[in-house]
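Novice:
In the UniProt record's numbering, the protein residues as written are 1 to 434.
So, in structure tokens, the structure goes:
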């Protein structure tokens, strides 16, 4: 890798407000057919946040529509080097490029990005096609997986023998126990309880009554599913979707709110007995938190990693609460991320907001504040139908291959015609990564 390529994006200062204002200006110029303004605003958008993929794409389109062929091809090559699949031949914005001699080479690169990459093996299946699962966590004490369901608003378990049971299901007579769709799952520090995030969503079966816009954090006892406490967030005017929850070694919880753009923090539980009272605090707000999803901690737990769907991989210094994008070379694509775990010096990210959907490993620099490379672990897999979350057990990363998120109609009811059994796949990271 050339020094220019490395340093071209190895920085963290971005102007989010400028970037977002330019995004809007780009859309307005495109709609108006003002090509000169389109290019001016696209350059502004990209310059304000060079690591952002959408900004780069806007610039590439603007360059093409303004006849800057050499620059357009350079940007398309950069996008292809990220592993992205862009069907240039079907995009009218790039119509004139197909006649250029250099087009064949970049088209070949994009075609290569449509090939199967697979370091995974089949883990197990759940024969409930309409489950619409989300969270996944392994209980070593019970040697079982817990799996949450968005639509069915329940938690199922799968034991070592492959037996699947409804561990805790929605009961209309007791709506407060599982009030909404079930999302994130993580075990308590002592391994005796399950932390659960839940949110009222359009896809929530039977609706949420008068609790639209709300989400919740719950603690459930593993031995019998008893509720040990619940805290609510948001309302109809200030909607909240608490999607992910993780715990550090002390029992401090971090939660991501993808709708409000907030990271919540719940201090170590010091309550007597099994109950808890302290409401998680809105610990971090930032313009960079446009749609925070998966969370992970550094080995020493001084850094919090955030997968933001729009802005890519971010790093938070926990002591100072400073947040910035993870610095990275230009050929890394970190946006569109959902599930996130850390494995040694890699961040394992499930990306369902890029094309193709993929599982990728991003190598961390020694200081944990920069990325030095990426390796795609799975992409273009026939089982993939919007992969979302996974969990790490030892060296094995097990993840949901087909959430089937796109199989709802306009009224957010499941379209069952083409649903398939739920498939989980596993990657031996010790073998897959150097």
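Note that beta-carbon positions come from the ideal geometry of N, C-alpha and C, so glycine has one too.
Since the structure is predicted, the reported quantities are computational estimates derived from the model, not experimental observations.
(1) Among 57, 397, 19, 206, which one has its Cα closest to the Cα of residue 72?
(2) Quick one: what does DSSP say residue 272 is sitting in, helix, strand or coil?
(3) Taking 8 Å as the threshold (C-beta atoms), are residue 145 and residue 158 in contact?
(4) Name the residue from 60, 43, 404, 99 whose alpha carbon lies nearest to the alpha carbon of residue 80.
(5) Just how far apart, CA to CA, sit residue 341 and residue 85?
(6) If residue 308 sits next to residue 293, beta carbons under 8 Å apart, how far is it from one beta carbon to the other, in whole angstroms?
(7) Going by Cα to Cα distance, which pick from 354, 367, 396 is closest to residue 379?
(8) Figure out for me which residue from 252, 109, 260 has the closest Cα to the Cα of residue 234.
(9) What span of residues does the alpha helix (DSSP H) with residue 201 cover, start to end?
(10) Can you tell me whether residue 394 is buried or exposed, with buried defined as 16 or more other CB within 10 angstroms of its CB?
(11) Does DSSP put residue 244 in a helix, in a strand, or in coil?
(12) Out of 190, 28, 131, 165, point me to the one whose CA is closest to residue 182's CA.
(13) Going by the DSSP bridge assignment, what does residue 317 pair with across the sheet?
(14) When DSSP labels each residue in this structure, what does residue 424 get in the three-state scheme?
(15) Might you give, ordered along the chain, the residues of its own chain that have their beta carbon closer than 8 Å to the beta carbon of residue 322, omitting 5 neighbours on each side?
(16) Check residue 343 in the structure and name its three-state DSSP category.
(17) Could you check which residue in 387, 384, 408, 313 has the C-alpha nearest to that of residue 372?
(18) Just to confirm, are residue 448 and residue 63 a CB contact at a threshold of 8 Å?
(19) For residue 374, does the three-state DSSP call read helix, strand or coil?
(20) With C-beta atoms as the reference, is residue 121 less than 8 Å away from residue 423?
(21) Measure the C-alpha to C-alpha separation of residue 189 and residue 247 and round it to an integer number of angstroms.
(22) Start and end of the alpha helix (DSSP H) containing residue 163?
(23) Within 10 Å of its beta-carbon, does residue 272 have 16 or more other beta-carbons around it, so buried, or fewer, so exposed?
(24) Residue 96 to residue 65, Cα distance in whole Å?
(25) Which residue marks the beginning of the beta strand (DSSP E) containing residue 156, and which one marks its end?
(26) Could you give the distance in angstroms between the alpha-carbon of residue 67 and the alpha-carbon of residue 106?
(27) Between residue 22 and residue 128, what straight-line distance do the alpha-carbon atoms span, to the nearest angstrom?
(28) Hey, residue 26 and residue 41: beta-carbon distance below 8 Å or not?
(29) For residue 62, which of helix, strand or coil comes out of DSSP?
(30) Near residue 415, which residues of its chain fall below 7 Å by C-beta distance, leaving aside the five closest residues on each side in sequence?
(31) Based on the DSSP output, what are the partners of residue 145 in its beta bridges?
(32) If I follow the unbroken beta strand (DSSP E) through residue 363, where does it start and stop?
(33) Nearest chain D C-beta to residue 330 closer than 8 Å, yes or no?
Specialist: Looking at the atomic coordinates:
(1) The residue with the shortest Cα to Cα distance from residue 72 is 57.
(2) Bear in mind that the predicted position of residue 272 carries a pLDDT of just 49, short of 50, making it unreliable; the figure below should be weighed with that in mind. In this structure, residue 272 counts as coil in the three-state DSSP scheme.
(3) yes
(4) Comparing Cα-Cα distances from residue 80 to each of 60, 43, 404, 99, the minimum goes to 60.
(5) 25 Å
(6) Your pair residue 308 and residue 293 checks out as a contact, with CB atoms roughly 7 Å apart and the cut at 8 Å.
(7) 354
(8) 260
(9) Per DSSP, residue 201 belongs to no alpha helix (DSSP H) and is neither H nor E.
(10) exposed
(11) strand
(12) 131
(13) Its beta-bridge partners are 303, 322.
(14) strand
(15) Closer than 8 Å at Cβ, skipping near neighbours: 316.
(16) strand
(17) 313
(18) The structure shown does not extend to residue 448, since the chain spans only 1 to 434, so no value can be given for it.
(19) In this structure, residue 374 counts as strand in the three-state DSSP scheme.
(20) no
(21) Rounded to the nearest whole angstrom, the C-alpha separation of residue 189 and residue 247 is 7 Å.
(22) Run containing residue 163: none; DSSP gives neither H nor E here.
(23) Reliability fails at residue 272, whose pLDDT of 49 lies under 50, so the model's placement of it is uncertain and no value is given.
(24) Between residue 96 and residue 65, the alpha-carbon positions lie close to 9 Å from each other.
(25) 155 to 159
(26) C-alpha separation (whole angstroms): 17 Å.
(27) Between residue 22 and residue 128, the C-alpha separation is close to 45 Å.
(28) yes
(29) helix
(30) 407, 408, 409
(31) 138, 158
(32) Following the DSSP letters along the chain, one finds residue 363 inside the beta strand (DSSP E) bounded by residues 358 to 364.
(33) Of the protein chains in the structure, only one exists, and it is not chain D.
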